[in-house]
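Heads up: the structure comes next, in structure tokens.
Numbering (our numbering), first residue to last: 104 to 568.
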């Protein structure tokens, strides 16, 4: 049942009956780490076991000899058995005694540089800052005889909230191996979160040699197995860890993403995003979500990344307060569809006195165009007619000559929303009336001229508000 390239690890107290049962359980495995432990702290020696230091050493060495004797048939049958020993509550143990008992276990087991023992040094209960743990580890490794025959392993808990930090400093002190759990699950406040630990290394350019590119799948499996939900703020894995609601943060992320996409710098440098969300299977779209704290940057990001709509800054300054007001009224986050609806309502399908029904444009010689259009004006069907140097100029002149709507186009941009035969054009126009009142309007249509005319009507309707 266990693939040959998988190493299983079993945990066992230093008791003969448990040792024999555990060895029976691993019979037939290709490679086994047998993890033996007994507590060595001053408190547990005094209160729990009522044993002296020599007695605790005797307990550990006798158990080691039992493991060695009872696993010999497995070794003879081809099983690779590695002993791991933990002086439990290591951080609450006198350092010289921790070295002494581990050296005694090594002597009983007989490791070599080619066949090493694992010495696991647990912070069973966090009792100090991470640097103290690192100092204890450094002292231990300097004092341990036959250091080259041992793999120094770390096993931190999170009682003070620094399980990952303690493990990181322990590595810097010279440790070789880390034990932990997915998302920090474990007894009491849990253990070192291996996901956070690995991704911290990854973010600094160190390959943790773990497959973490489908974080959503890892989260799903963990939640299914433990029945414990992963918190939305869990580093690297939570639903909101790459998400900004703050307006200034959203604006910085948007500009940073544009910088990355320009290809001007190979390094990942985006404000507020320490890693590329795509590296863990995330979406850039989820980096910005809009609520009442968001500004123009958030609105722009949603429109650009979900709908390929790029609005000028001046128009974003008009639209974002409207979106913010809607979010405040709603009392929470606005999904992209709601932002799109607000964009359409406020800038495209604007309620007002005018509605474009149909039109016809034809060339009348040179660069002149003649436009005939039908508008619904309030309850009336009105025909307008005019000429100009292009369709837009002809339409504007028709509005002026028939409806006395004297306007000038002061800004105009047009681009395709998508590609292929189903592509639509978007027209963004800014107009000014005879009193210098200015307003934007947006038109969307498969036909570029229709999009332009619709944007003018939308802008006019906004002027009438």
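Don't be surprised by glycine CBs; every beta carbon is placed ideally from N, CA and C.
What residues in its chain sit with their C-beta under 7 Å from that of residue i, if we drop five residues either side in the sequence?
i           : result
residue 276 : 237, 240 and 241
residue 206 : 247 and 248
residue 184 : 135, 137, 174, 177 and 178
residue 419 : 399, 402 and 403
residue 343 : 335 and 336
residue 383 : 315, 316, 318 and 339
residue 408 : 387 and 388
residue 466 : 472
residue 123 : 173
residue 282 : 223, 256, 257 and 258
residue 439 : 405 and 409
residue 497 : 464, 472, 473, 474, 489, 490 and 491
residue 521 : 411 and 527
residue 355 : 374 and 375
Between the beta-carbon of residue i and the beta-carbon of residue j, is there less than 7 Å?
i           : j           : result
residue 196 : residue 226 : no
residue 532 : residue 510 : no
residue 345 : residue 299 : no
residue 535 : residue 513 : yes
residue 333 : residue 286 : yes
residue 542 : residue 566 : yes
residue 551 : residue 519 : no
residue 228 : residue 199 : no
residue 442 : residue 405 : yes
residue 475 : residue 488 : yes
residue 412 : residue 561 : no
Can you find the residues in the same chain that come closer than 8 Å, C-beta to C-beta, to residue i, ignoring five residues on each side of it along the sequence?
i           : result
residue 301 : 311, 313 and 315
residue 129 : 111, 113, 135, 137, 177 and 182
residue 436 : 348, 392, 393, 394 and 430
residue 427 : 395, 397 and 398
residue 271 : 233, 300 and 303
residue 540 : 566
residue 153 : none
residue 216 : 251 and 252
residue 274 : 257 and 281
When you compare each of the options to residue i by their alpha carbons, which one comes out closest?
i           : options               : result
residue 186 : 506, 405, 111 and 292 : 111
residue 280 : 252, 221 and 307      : 221
residue 463 : 495, 283 and 438      : 495
residue 116 : 158, 477, 104 and 170 : 170
residue 523 : 542, 549 and 506      : 549
residue 210 : 479, 489, 191 and 252 : 252
residue 194 : 309, 145 and 158      : 145
residue 264 : 440, 438, 250 and 230 : 230
residue 387 : 107, 108, 364 and 309 : 364
residue 380 : 149, 305 and 366      : 305
residue 485 : 469, 492, 530 and 504 : 504
residue 537 : 553, 517, 563 and 371 : 563
residue 257 : 192, 471, 216 and 320 : 192
residue 147 : 190, 553 and 467      : 190
residue 107 : 521, 133 and 274      : 133
residue 568 : 517, 482 and 449      : 449
residue 323 : 341, 354 and 131      : 341
residue 530 : 155, 370 and 415      : 415
residue 131 : 109, 370, 266 and 368 : 109
Rounded to whole angstroms, how far is the Cβ of residue i from the Cβ of residue j, which I believe are closer than 8 Å?
i           : j           : result
residue 255 : residue 244 : 6 Å
residue 208 : residue 188 : 5 Å
residue 546 : residue 556 : 7 Å
residue 502 : residue 477 : That pair is no contact at about 13 Å.
residue 508 : residue 493 : That pair is no contact at about 18 Å.
residue 160 : residue 204 : 5 Å
residue 481 : residue 517 : Wrong, their Cβ atoms sit about 29 Å apart, outside the cutoff.
Go through its chain and collect everything with a Cβ distance to residue i's Cβ below 6 Å, but skip five positions before and after it.
i           : result
residue 297 : 283
residue 156 : 200
residue 385 : 345
residue 213 : none
*Flag this pair as touching only if the region 285-294 and the region 358-377 have three or more C-beta atom pairs under 8 Å; answer yes or no.*
no
*Would the region 414-433 and the region 453-463 be scored as touching if the rule is three or more Cβ pairs under 8 Å?*
no
_contact_flag[the region 320-334, the region 396-404] where n(CB pairs < 8 Å) is 3 or more_ = no
*Is the number of C-beta pairs between the region 126-146 and the region 159-167 that are closer than 8 Å three or more?*
yes
*Does the region 345-355 come within contact of the region 372-382, defined as at least 3 CB pairs closer than 8 Å?*
yes
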